[in-house]
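S.K.: Handing you this structure, nothing more for now.
Chains as they are written, first to last, in our numbering: chain W, 25 to 238; chain A, 55 to 415.
So this is what it looks like as C-alpha cells:
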C-alpha cells in the first residue's frame, strides 16, 4: 500500500499543510486585530510577520500542488475543481494579510468604544474561514459532511454582515468628522472582506460537492 | 495458398482488436485515467495470452453451429463477418460485433452447402446476445453501488481513490483483455479449427504448441495488431460518446464486461461450477462491445442519469443487421468462390466446373 500510495500520500500531506497554513494564518489575523486594538504594537508586529510567513507558505504549497496535479495527471475528472478550490481558498489568507498590513501602514485611530465591534467582526470572519478549511478537508476525505461545514460558513458570513452594518451605523453616528468616518468604514469593509472571500469559496465548494456526488 | 486463406481470419482479428478490445479500454482511456500507450501494451499482451489459453469451448460451440471443413469456405465465412463488421461498425457506427456477424456467416455457409443448422446451438447463441449485455448491466450496477458506498463509507482521500482506480483499471483491463482473448478467439479462428494448416505439434523455443494453439496465437497477434494500430479513435469515442463516466464508473464498466466475457469463456470456471454442483454457463463467444454498452447503461440506471435510448436501439438493430449482412455476403462470396474461382467451399462439394469435366481427366 505504501508503494502504491507513496506519491499520493506526499501530495495529501501538502494539501493538509496548505489548509493548516490558511487556518493558522486566519487565527493570527484575529490575534493581530486584537493586539492592534489593545494596543500592543510589539505583539502586533510579530503577528504581521507571522501572517506574512503563513501566506508565503500557502502560496508555495499551492503552486507545488498544482504543478504535481498536472505533471502526474492526477484526478483528471476533478483536477480543475480542485485547482479552482485551492486558488480561491488562498485568496482568504491573502485578504487577511492585506488587511493586517493596511492596519500597519495607515494606523487608523479607532475610538475605544468601537474596538469590540471590530474584534467581533474579525472573529466572525475567522470563524467563517475555519469552517471553510474544515469543509475543504471534508471535500477530499468525507464528502458527506461538506454541507455541515458549508452552512456554518454561510452562518458566520451573515453574522459578519450584521456586525459590519451595525459598526458602520455607529461610525457614521459619531461626531469624528467625515474623513475619519470614511477611514473607519474603509477598515470595517476590509475586515468584513475575509468572510466574503470565505463565502465565495463555499459557493464553489457546494457546486463541486454536487458534481462529485452525482 | 493455405496461408492466404488465413488472411481473412487475421483481418477479422484485426477488426476485433480495433473495436471490441478498444471498447474494453475505451472508458479508461476516455476518462484520461490510462494513457493509450499503456492500454494498448497491456491489452495486446493479455489478449494474446488469453487467445493462446483460448477457449476451445467457445470454438466448439461455433463448430456445432456449422462444421466448416474446407479452407476456402472458412476463408469466405471469416471474410464475410469481417466485412460486415467493418462496414457496420467502422463506417456506419452501429455497435455490432463479430460475434453476431460470424454466426450469420456460418449460417450462410450452412445454407449454401445444404448442411443443417443446429437450432439448439443457434438458440443458445441468440439468447446469450440478450443475456450478456443484461448481465453486464446488472453486475455493473451492483459493483457501482458497492464501490460508491465503499468510497464514502471508508472515507478514502480523493487522491487515494484516484490511485486505486488507476491501478484497478490497469488490472481490470488486463483481465478484460485476457477474457476477450479467451472468449472471442473462437470468433476469429474458430472456423479454421477443422482446417488448420499448422502441424499437430510445433516447437516454439521451450514450448510445444498444438495446431489449434498455433492458430489461436496467430489470431491473438492479429487482435493485438488491431489494438495497436486502429483502436485509439474507438477508445476515445467510447470513453466520451455514450455517457459521461467518472473514472470509478469506468473501472466498474471494464470489470463487469471482463467478468461477463470470462463467465462465458472459461472452461475452468465451468468445470469449477459443475464440481460445486452449481449450474454451469454455456461456453459461448459473446460481444465485448455490447457487454460494455450494457455495463454503461446499468450504471446510468443506478445513477438515474439520462440514458441514451438510441444506444439501446442501436444494439437491437445490430443483432438483426450484422448477422443478416454477414449471411448475405457469405452467400454471395461462397457462390463466387465456388463458381468463378472453382474452389471447394465444403468437403465433398465439388465445384460446378469440375463436375462437368470429362471423365479421366
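The beta carbon of each residue, even a glycine, is placed where N, CA and C say it ideally should be.
Buried or exposed for residue 268 (chain A), going by 16 or more other Cβ atoms inside 10 Å?
M.R.: Result: buried.
S.K.: Should residue 102 (chain W) be counted as a contact of the ligand ZN given a C-beta to heavy atom distance under 7 angstroms?
M.R.: This structure simply doesn't include the ligand ZN, nor any ligand for that matter.
S.K.: Looking only at its chain, what residues have a beta carbon closer than 7 angstroms to the beta carbon of residue 160 (chain W), apart from the 5 residues adjacent to it on each side?
M.R.: Excluding positions up to five away in sequence, the list reads 43, 109, 113 and 229.
S.K.: State the DSSP-derived secondary structure class of residue 148 (chain A), mapped to helix, strand or coil.
M.R.: Residue state, collapsed to three classes: coil.
S.K.: Any idea what DSSP makes of residue 395 (chain A), helix, strand or coil?
M.R.: Coil, per DSSP.
S.K.: Can you give me the C-alpha to C-alpha distance between residue 305 (chain A) and residue 73 (chain A), rounded to a whole angstrom?
M.R.: Taking the straight line joining both Cα atoms gives about 18 angstroms.
S.K.: Among W:231, W:115 and W:79, whose alpha-carbon lies nearest the alpha-carbon of residue 174 (chain W)?
M.R.: Among W:231, W:115 and W:79, the Cα nearest to that of residue 174 (chain W) belongs to W:231.
S.K.: Any residues in the stretch 87-103 of chain W with a beta carbon nearer than 8 angstroms to a beta carbon of chain A? Which ones, in chain order?
M.R.: For the stretch 87-103 of chain W, which is checked against every Cβ of chain A, the residues closer than 8 angstroms are 97, 98, 99, 100, 101 and 102.
S.K.: For the alpha helix (DSSP H) that residue 184 (chain W) lies in, which residues bound it at each end?
M.R.: Where residue 184 (chain W) is concerned, the enclosing alpha helix (DSSP H) stretches over 170-197.
S.K.: Per DSSP, what kind of secondary structure is residue 263 (chain A) in: helix, strand or coil?
M.R.: Correct three-state label for residue 263 (chain A): strand.
S.K.: How would you call residue 331 (chain A), buried or exposed, if buried means at least 16 neighbouring beta carbons within 10 angstroms?
M.R.: That one is exposed.
S.K.: Give me the DSSP bridge partner(s) of residue 258 (chain A).
M.R.: The partner list for residue 258 (chain A) (beta bridge, DSSP) reads A:261.
S.K.: What is the residue span of the alpha helix (DSSP H) that residue 217 (chain W) lies within?
M.R.: 202-237 is the extent of the alpha helix (DSSP H) around residue 217 (chain W).
S.K.: Following the continuous alpha helix (DSSP H) through residue 187 (chain A), name the residue where it begins and the one where it ends.
M.R.: Residue 187 (chain A) -> alpha helix (DSSP H) spans 173-207.
S.K.: Does the distance from the C-beta atom of residue 89 (chain W) to that of residue 39 (chain W) stay below 8 angstroms?
M.R.: Taking 8 angstroms as the Cβ cut-off, residue 89 (chain W) and residue 39 (chain W) qualify as a contacting pair.
S.K.: Quick one: Cα of residue 151 (chain A) to Cα of residue 224 (chain W), how far?
M.R.: If I take the Cα positions, the gap works out to 51 angstroms.
S.K.: Taking the straight line between their C-alpha atoms, what separation do you get for residue 180 (chain W) and residue 341 (chain A)?
M.R.: Their Cα atoms are separated by approximately 57 angstroms.
S.K.: So, at 6 angstroms on beta carbons, what are the nonlocal neighbours of residue 205 (chain W) in its own chain, with the 5 sequence-adjacent residues on each side left out?
M.R.: Excluding residues within five positions, the ones whose Cβ falls inside 6 angstroms are 195 and 196.
S.K.: Starting from residue 35 (chain W), find everything on chain A with Cβ-Cβ shorter than 9 angstroms and list it in chain order.
M.R.: Near residue 35 (chain W) (Cβ distances below 9 angstroms), the residues of chain A are 213.
S.K.: Compile a chain-ordered list of the residues in the stretch 60-88 of chain A whose CB is closer than 9 angstroms to at least one CB of chain W.
M.R.: Under the 9 angstroms Cβ criterion, the stretch 60-88 of chain A contributes 85, 86 and 87.
S.K.: Going along the chain, which unbroken runs of the alpha helix (DSSP H) with 4 or more residues stay wholly within the stretch 26-112 of chain W?
M.R.: Listed in chain order, they are 26-61 and 65-95.
S.K.: So with Cβ pairs under 8 angstroms, would you call residue 165 (chain W) a contact of chain A?
M.R.: Yes, contact with chain A.
S.K.: Buried or exposed for residue 198 (chain W), please, with buried defined as at least 16 other CB atoms from any protein chain shown within 10 angstroms of its CB.
M.R.: So residue 198 (chain W) counts as exposed.
S.K.: Does the stretch 126-140 of chain A come into contact with the stretch 370-388 of chain A, if we say contact requires no fewer than three beta-carbon pairs (one atom in each stretch) closer than 8 angstroms?
M.R.: Flag = yes, the stretch 126-140 of chain A and the stretch 370-388 of chain A touch.
S.K.: Have a look at A:309, A:60 and A:323 and flag the residue whose alpha-carbon is nearest the alpha-carbon of residue 193 (chain A).
M.R.: Comparing Cα positions, the closest option is A:309.
S.K.: Determine whether the Cβ of residue 32 (chain W) lies closer than 8 angstroms to any Cβ atom of chain D.
M.R.: Reference to chain D is not applicable here, since the protein chains of this structure are W and A.
S.K.: Can you tell me the Cα-Cα spacing of residue 167 (chain A) and residue 70 (chain A), whole angstroms?
M.R.: About 27 angstroms.
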